[in-house]
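Peer 1: One gets my numbering by counting positions in the sequence shown from 1 and adding 460 to each.
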Amino acid sequence: PRGDRVAYGRREGERWSLYAMPLDARGRAGAEQRLCEQCGFPWSWSTDVNRLLYCILPGAQIGLLDIGGGFHGEVLRHSAHQLWQGEFSPDDEWVAFQASSGGRNARIYVVPAKELRRSSAPELWIAITDEETWNDKPRWSPDGNLLYYVSERDGFRCIWAQRLDARSKHPSGPPAEVRHFHGSRLSLGRVVIGSLEISIAADKALMNAGEVKGNIWVAEILDDR
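(1) On the CB-based measure, 16 or more other CB atoms within 10 Å of its CB, does Y468 come out buried or exposed?
(2) Out of R623, N605 and S611, which one is the CA nearest neighbour of W594?
(3) Taking only three categories from DSSP, how would you classify E583?
(4) Pull up the distance between the alpha-carbon of C515 and that of Q542, whole angstroms please.
(5) What is the C-beta distance between P598 and E547, in whole angstroms, given that I count them as a contact (C-beta under 8 Å)?
(6) Might you give, ordered along the chain, the residues of its own chain that have their beta carbon closer than 6 Å to the beta carbon of A485, omitting 5 neighbours on each side?
(7) Going by alpha carbons, who is nearest to P502 out of Q545, R462, L536 and G473?
(8) Find out if the Cβ-Cβ distance for the pair C496, L478 is shorter than 8 Å.
(9) Please state whether DSSP places K759 in a helix, a strand or coil.
(10) Excluding five sequence neighbours on each side, which residues of the same chain lie with their C-beta closer than 6 Å to the C-beta of G473?
(11) So what does I522 bridge to, in DSSP terms?
(12) Alpha carbon to alpha carbon, how far is S628 from E637?
(13) Could you pull out every residue in the same chain whose Cβ sits closer than 6 Å to the Cβ of Q493, ignoring the five residues on either side in sequence?
(14) Kindly provide the ranges of any beta strand (DSSP E) runs that are 3 or more residues long and lie completely inside the region 612-679, ordered along the chain.
(15) For the beta strand (DSSP E) that C499 lies in, which residues bound it at each end?
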């Protein structure tokens, strides 16, 4: 969150290991540090940079690396769903994530961060979206009162937002359109879902999209006889 350290995963054999690397004010990298061996790849730093949510493979469950406390291991799991995209809220009090059964439907949930090691039971999860369509990539607004996400609820892959109650983080009101991508030239749907990412800042959103361009040419056919 301070921009002075980057976390990343490195595939080592059949498993992933977590690494971090410091960056100076000019973006120059320092010596890398292996945070944990064959544990997964990272999702989200806490704002104090003491905790890191990561993806555990195989199985796609959510792990937590507590750098100061010396703990790393699974904190969110489901027997029938894969869990992805774990994201700390700006105040580190909540975690948003996606649950997918592997089909065309996926739902976004929120849980209190303090309950992470005890909140594997789905009845403790706060549902943010419905389960009628594909919802993915939950991202908190800077004040923590909106959750942005990618959804296919209107038949296209677009960016939506759900306002949350400031205290309980339950949904407040209907979801709102943020940016539609209904055209064929520039589309989120043209990016493989595993490679699609969005990032939310105070006044902008960044994402990768697929762009399609074409042209028509005239060729002269030469008779070389």
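We put the CB at the ideal spot given by N, CA and C, even for glycine.
Peer 2: Taking the coordinates as given:
(1) Answer is exposed; the Cβ neighbour count stays below 16.
(2) The shortest CA-to-CA distance from W594 to any of R623, N605 and S611 is the one to S611.
(3) DSSP places E583 in helix when its eight states are reduced to three.
(4) When rounded, the distance between both Cα atoms is 10 Å.
(5) Indeed they touch by this definition, with Cβ atoms about 6 Å apart.
(6) No residues qualify anywhere along the chain.
(7) Selected option, being the one with the closest Cα: Q545.
(8) Between C496 and L478, the gap from beta carbon to beta carbon is short of 8 Å.
(9) Absent from the structure is residue 759, since the part of the chain shown begins at 461 and ends at 685.
(10) Around G473, the same chain offers no residue with a beta carbon nearer than 6 Å, after the five sequence neighbours per side are excluded.
(11) Beta-bridge pairing links I522 to C515 and L536.
(12) Whole-angstrom Cα-Cα distance: 23 Å.
(13) Cβ within range, chain order: A480.
(14) Counting only runs of 3 or more, we get 618-623, 636-639, 658-660 and 665-667.
(15) Taken as a continuous stretch (DSSP letters only), C499 belongs to no beta strand (DSSP E), as it is neither H nor E.
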